[in-house]
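Written out below as structure tokens is the structure these notes cover.
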Amino acid sequence: MSREPRKRSRVVIVDDEALARQVLREFLSPHPEIELIAECANGFEAVKAVTELKPDLLFLDIQMPKLDGFEVLELVDRDMAIVFVTAFDSYAIKAFEVHAVDYLLKPYGADRFEAALERAKQRLSDKSAGAADASTGASGARVPLLADLAAAARPPAQYVQRVPVRDGTRVFIIPVDKLDYAEAQDDYVSLCAEGKKHLKQQTISSLESALDPSRFMRIHRSFIVNLERVARVEPYAKDSHVAVLSNGTQLPVSRAGYARLRAFLDR
Amino acid sequence: MHPILGNLRRLTLYLLAWFPIGGLIAYVLATSGGISTGEALALAVPLALLFGFMCLSAWYSCRGTPLEQSSLTRVAGTHLLAAGLMSGCWIFCAKALGHELSRLQIYPGLDGRISKDYPLLFGIAVLLYLLAVALHYVLLALQDAQEAEARLLQAGILAREAELKALKAQVNPHFLFNSLNSISALTSSDAAKAREMCILLGDFLRRTLGLGEKSAIPFEEEMSLIRAFLAVEKIRFGPRIQMEENVDKEATDVQIPPLLLQPLVENAVGHGIANLVEGGWIRLDATCQNGTLSIVVENNYDPDAPPRRRNGVGLANVRQRLATRYGNLATFEVTHDLGHFRVALTLPAEREAQKS
Chain L
51 MSREPRKRSR VVIVDDEALA RQVLREFLSP HPEIELIAEC ANGFEAVKAV
101 TELKPDLLFL DIQMPKLDGF EVLELVDRDM AIVFVTAFDS YAIKAFEVHA
151 VDYLLKPYGA DRFEAALERA KQRLSDKSAG AADASTGASG ARVPLLADLA
201 AAARPPAQYV QRVPVRDGTR VFIIPVDKLD YAEAQDDYVS LCAEGKKHLK
251 QQTISSLESA LDPSRFMRIH RSFIVNLERV ARVEPYAKDS HVAVLSNGTQ
301 LPVSRAGYAR LRAFLDR
Chain V
2 MHPILGNLRR LTLYLLAWFP IGGLIAYVLA TSGGISTGEA LALAVPLALL
52 FGFMCLSAWY SCRGTPLEQS SLTRVAGTHL LAAGLMSGCW IFCAKALGHE
102 LSRLQIYPGL DGRISKDYPL LFGIAVLLYL LAVALHYVLL ALQDAQEAEA
152 RLLQAGILAR EAELKALKAQ VNPHFLFNSL NSISALTSSD AAKAREMCIL
202 LGDFLRRTLG LGEKSAIPFE EEMSLIRAFL AVEKIRFGPR IQMEENVDKE
252 ATDVQIPPLL LQPLVENAVG HGIANLVEGG WIRLDATCQN GTLSIVVENN
302 YDPDAPPRRR NGVGLANVRQ RLATRYGNLA TFEVTHDLGH FRVALTLPAE
352 REAQKS
């Protein structure tokens with residue numbers, strides 16, 4: 051295997067505490083192969099930095115202002131190595147479900163940090179090897195969306211209260227009670243709230259499982275509706291129905307969706 | 002323990018109750034003819050007292066055949082058999098007494114004249130014994146109820162004690178881990194500051210540990226604990242923390258449960274300041290009027306902040322501790338709107354001198 055001139059790995063640090071960033075910076079400084087390209091103090095900054103700078107490696111705190119670490123991952127589609135750095139051990143399982151490379155518990159020492167960095171480098175080199183394979187024709191399975199993984203990592207029976215969406219580098223937060231309906235569009239879902247539509251890279255099934263089923267229902271292969279918004283259900287053509295929302299919007303209802311919706315409305 | 006035999010006062014009352022019963026038996030005997038009133042009384046009263054004692058044995062047969070767990074036939078069989086046996090013994094005693102009274106020439110010929118009344122006496126005895134059985138079942142039920150109540154009370158006290166102990170010992174471990182991480186950062190960049198933080202953290206921890214045994218501390222001590230806590234957090238969050246205190250002079254020596262306010266301030270830091278990029282403020286006001294201490298802890302927060310774990314645990318603990326200790330003499334109120342969080346509590350202003 052011919053070796054090209056070694057590329058430096060680009061790293062972003064995300065932590066709201068200056069001292070916590072300082073520890074990471076210090077532990078990274080003896081590594082010339084690592085280039086620290088940005089430091090972020092909150093979730094919004096992190097989304098912006100990852101989207102614009104496309105780092106290879108992310109050191110990510112979990113509890114932060116604006117967006118927590120998992121919400122940040124929901125909003126970035128970059129395939130990078132992630133190392134969580136937090137004082138909470140309770141998120142460890144969740145972290146590995148989003149394929150984190152490692153999980154550093156504060157406070158940690160240089161040895162522990164080096165181990166995490168080594169694993170991250172390993173992951174990066176595996177990936178570039180994999181990418182080379184893929185380009186030579188050995189196709190790999192479709193990589194799951196990070197947003198889907200982040201949504202799946204949510205503890206069971208705990209449904210999201212809000213859905214973060216990104217438009218370019220700007221982040222919007224949609225509280226679930228403002229969400230009217232969601233529509234699948236290929237790899238994206240279009241979220242309709244307060245008359246505006248927001249695109250998010252996530253599958254509709256993963257969004258469905260994140261939403262409280264007592265408040266949201268999948269009424270069609272491509273549609274999830276906020277049950278509070280459903281004004282009535284009308285027959286449309288032979289064997290098909292539409293749900294009419296309180297704002298007048300009409301959504302198609304599948305046969306299975308109609309059965310479910312009827313059961314809910316007749317309750 | 003027998004509820005009547007085990008208590009002299011109850012036993013006396015119980016036996017006194019048998020005197021009128023003896024009188025009644027005497028009346029029945031006297032009216033059925035054959036013997037005089039005096040003879041009937043001399044016979045019936047001691048026999049009634051004796052039967053009173055004998056009926057106490059029903060306790061054991063009642064306990065042996067609890068009503069809920071035994072079949073009707075078993076209950077009826079047991080007690081009818083006991084009633085027959087007891088009454089038989091009693092009639093034997095009655096015969097002996099009648100015989101003695103005749104032999105000693107107190108009431109000559111009594112045993113002869115009374116012999117036709119034995120079936121009557123036997124019937125009365127069976128009825129009285131069954132009455133005693135009923136009485137003992139009632140006593141058993143009462144005793145069970147009392148025991149259940151006592152157990153419940155005991156369990157309640159134990160649970161409350163355990164809870165208080167747990168609540169008091171609660172220093173959020175994540176506060177510790179994050180502080181240690183800050184110290185770790187400072188060791189290479191600012192050794193003096195790292196040492197300062199070690200000392201502040203040590204100071205805070207020592208104070209909280211010492212509070213475990215105390216049931217109340219002066220308000221001022223709690224405030225200095227809060228200042229020690231904030232001094233540590235200020236190194237972590239830098240200029241993002243701003244604290245304002247307005248404490249009335251009269252409030253400073255009021256006795257309050259330890260670590261009552263610190264969780265509120267910790268909450269304000271964790272859910273308020275930690276989520277505010279530009280930093281936030283905490284305001285603590287305390288006033289003391291008409292024997293009531295009023296405390297208000299306020300802070301700003303980001304209404305759009307990501308949801309956090311442990312949300313409200315600290316608040317629920319404080320509310321519960323106030324309720325356990327002061328009942329409805331204390332109030333606890335949480336309000337929040339538009340990025341402004343406010344906890345208001347009032348409690349009776351107890352002072353050291355009043356307590357002794």
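These protein sequence lines map, in sequence, to chains L and V.
Just so we're aligned, residue 51 is where the first sequence starts under the numbering used here, counting upward by one.
Just so we're aligned, residue 2 is where the second sequence starts under the numbering used here, counting upward by one.
Note that CB positions come from ideal geometry on N, CA and C, so glycine has one too.
Just to confirm the assignment: which complete beta strand (DSSP E) runs, minimum length 3, are found wholly within the stretch 211 to 241 of chain L? The stretch 211 to 241 of chain L contains these whole beta strand (DSSP E) runs: 212 to 217, 220 to 225 and 229 to 235.
Exposed or buried, which one is L9 of chain V when buried takes at least 16 other CB atoms within 10 Å? Residue numbering aside, residue 9 of chain V sits at position 8 when the second sequence is read from its first letter. By the neighbour-count criterion, in which 16 or more other beta carbons inside 10 Å mark a residue as buried, L9 of chain V falls on the exposed side.
Own chain, CB closer than 6 Å to A133 of chain V, minus 5 neighbours either side, in chain order: Within the second sequence, numbered from 1, the residue matching residue 133 of chain V stands at position 132. Around A133 of chain V, the same chain offers C56 and A59 as residues with beta carbons nearer than 6 Å, after the five sequence neighbours per side are excluded.
Where the beta strand (DSSP E) containing H248 of chain L begins and where it ends: Reading the first sequence from its first residue, position 198 is the one you call residue 248 of chain L. Counting along the chain, the beta strand (DSSP E) containing H248 of chain L begins and ends at K246 to Q251.
Measure the Cβ-Cβ separation of V275 of chain L and Y238 of chain L and say whether it is below 9 Å. Within the first sequence, residue 275 of chain L is the residue found at index 225, counting from 1. Within the first sequence, residue 238 of chain L is the residue found at index 188, counting from 1. No, the Cβ-Cβ distance between V275 of chain L and Y238 of chain L is not below 9 Å.
Could you tell me if D303 of chain V is buried or exposed, where buried requires 16 or more neighbouring beta carbons within 10 angstroms of its beta carbon? Taking the first residue of the second sequence as position 1, residue 303 of chain V is located at position 302. So D303 of chain V counts as buried.
Against A22 of chain L, what residues of chain V qualify as contacts under a CB-to-CB distance less than 7 Å, listed in chain order? Residue 22 of chain L falls outside the range modelled here, since chain L spans only 51 to 317, and no answer is possible.
For the alpha helix (DSSP H) that S256 of chain L lies in, which residues bound it at each end? Mapped onto the first sequence, residue 256 of chain L falls at position 206. For S256 of chain L, the enclosing alpha helix (DSSP H) has its first and last residue at I254 to A260.
Please identify the residue among V:P349, V:L261, V:G280 and V:N300 whose C-alpha is closest to the C-alpha of L316 of chain V. Sequence index remark: in the second sequence, residue 316 of chain V carries index 315 (1-based). Cα-wise, what sits closest to L316 of chain V is V:L261.
With 16 as the cutoff for other CB atoms within 10 Å, does N268 of chain V come out buried or exposed? Position 267 of the second sequence holds residue 268 of chain V. Buried, since its Cβ has 16 or more Cβ neighbours within 10 Å.
Report the three-state DSSP secondary structure of V248 of chain V (helix, strand or coil). Locating residue 248 of chain V in the second sequence gives position 247, where the first residue counts as 1. In this structure, V248 of chain V counts as strand in the three-state DSSP scheme.
How big is the Cα-Cα spacing for S185 of chain V and K116 of chain L? The count along the second sequence starts at 1 and reaches residue 185 of chain V at position 184. The count along the first sequence starts at 1 and reaches residue 116 of chain L at position 66. Approximately 26 Å between the Cα atoms of the pair.
Members of the stretch 176 to 193 of chain V that neighbour chain L once the beta carbon cut-off is set at 8 Å: The stretch 176 to 193 of chain V vs chain L, Cβ under 8 Å: F178, N179, L181, N182, S183, I184, S185, A186, L187, S189 and S190.
Would you please state the rounded distance, in angstroms, between the beta carbons of L108 of chain L and H149 of chain L? I believe it to be under 8 Å. Against the first sequence, residue 108 of chain L aligns to sequence position 58. Against the first sequence, residue 149 of chain L aligns to sequence position 99. Contact between L108 of chain L and H149 of chain L is absent: CB atoms are separated by about 12 Å, not below the 8 Å threshold.
Can you name, in chain order, every residue of its own chain whose Cβ lies under 8 Å from the Cβ of A188 of chain L, other than the five neighbours on each side? Translated into the one-based positions of the first sequence, residue 188 of chain L becomes position 138. For A188 of chain L, the pLDDT reaches just 41, beneath the cut-off of 50, and the residue's location in the model is therefore unreliable, although a value from the coordinates is still provided. Closer than 8 Å at Cβ, skipping near neighbours: no residue.
Whole beta strand (DSSP E) runs in the stretch 111 to 156 of chain L with 3 or more residues, listed along the chain? You should have 131 to 136 and 152 to 155.
What's the C-alpha gap between P240 of chain V and G280 of chain V? The count along the second sequence starts at 1 and reaches residue 240 of chain V at position 239. The count along the second sequence starts at 1 and reaches residue 280 of chain V at position 279. Taking the straight line joining both Cα atoms gives about 7 Å.
Mind checking if I333 of chain L is an interface residue toward chain V, Cβ cutoff 9 Å exclusive? An answer regarding residue 333 of chain L cannot be provided, because it is not within the stretch 51 to 317 covered by chain L.
Nearest to I283 of chain V by alpha carbon, out of V:H100, V:V270, V:S295 and V:Q290? Along the second sequence, one-based indexing puts residue 283 of chain V at 282. Here the closest residue by C-alpha is V:V270.
So L277 of chain V contacts chain L; which residues on that side make the cut at Cβ distance below 7 Å? For this step, residue 277 of chain V is matched to residue 276 along the second sequence. Result: P115.
Across which residues does DSSP place G382 of chain V in a beta bridge pair? Since the first residue shown for chain V is 2 and the last is 357, residue 382 of chain V is missing from the structure and cannot be characterised.
Residues that P157 of chain L contacts on chain V, provided the C-beta gap is smaller than 8 Å: Numbered from its first residue, the first sequence carries residue 157 of chain L at position 107. Ordered by position in chain V, the residues that pass the 8 Å Cβ test against P157 of chain L are F178, L181, N182, I184 and S185.
By Cβ distance, which residues of its chain are closer than 6 Å to L346 of chain V, with the 5 residues on each side in sequence left out? Indexing the second sequence from 1 puts residue 346 of chain V at position 345. For L346 of chain V, where only same-chain residues beyond five positions count, the Cβ hits under 6 Å are I296 and F333.
Under a CB-based cut-off of 9 Å, is I236 of chain V close to chain L? One-based indexing of the second sequence puts residue 236 of chain V at position 235. For I236 of chain V, the answer is yes, since a Cβ of chain L falls inside 9 Å of its Cβ.
Excluding sequence positions up to five away, which residues of its chain have a Cβ less than 6 Å from the Cβ of L42 of chain V? Here residue 42 of chain V refers to the residue found at position 41 of the second sequence. So the list reads A27, once near-sequence residues are dropped.
Enumerate in chain order the residues of its own chain whose CB-to-CB distance from L323 of chain V is below 6 Å, with the five nearest sequence positions on each side excluded. Numbered from its first residue, the second sequence carries residue 323 of chain V at position 322. Cβ-Cβ distances below 6 Å link L323 of chain V to A331 and F333 in the same chain, with the five nearest sequence neighbours on each side left out; the list follows chain order.
Stretch-stretch touch, CB-based, cutoff 8 Å, three pairs: the stretch 111 to 126 of chain L with the stretch 211 to 227 of chain L: The stretch 111 to 126 of chain L, when compared against the stretch 211 to 227 of chain L, does touch it at the 8 Å Cβ threshold.
Using a C-beta to C-beta distance shorter than 8 Å, which residues of chain L count as neighbours of A306 of chain V? Start at 1 with the first residue of the second sequence, and residue 306 of chain V comes out as number 305. Among the residues of chain L, those whose CB is under 8 Å from the CB of A306 of chain V are P115 and K116, following chain order.
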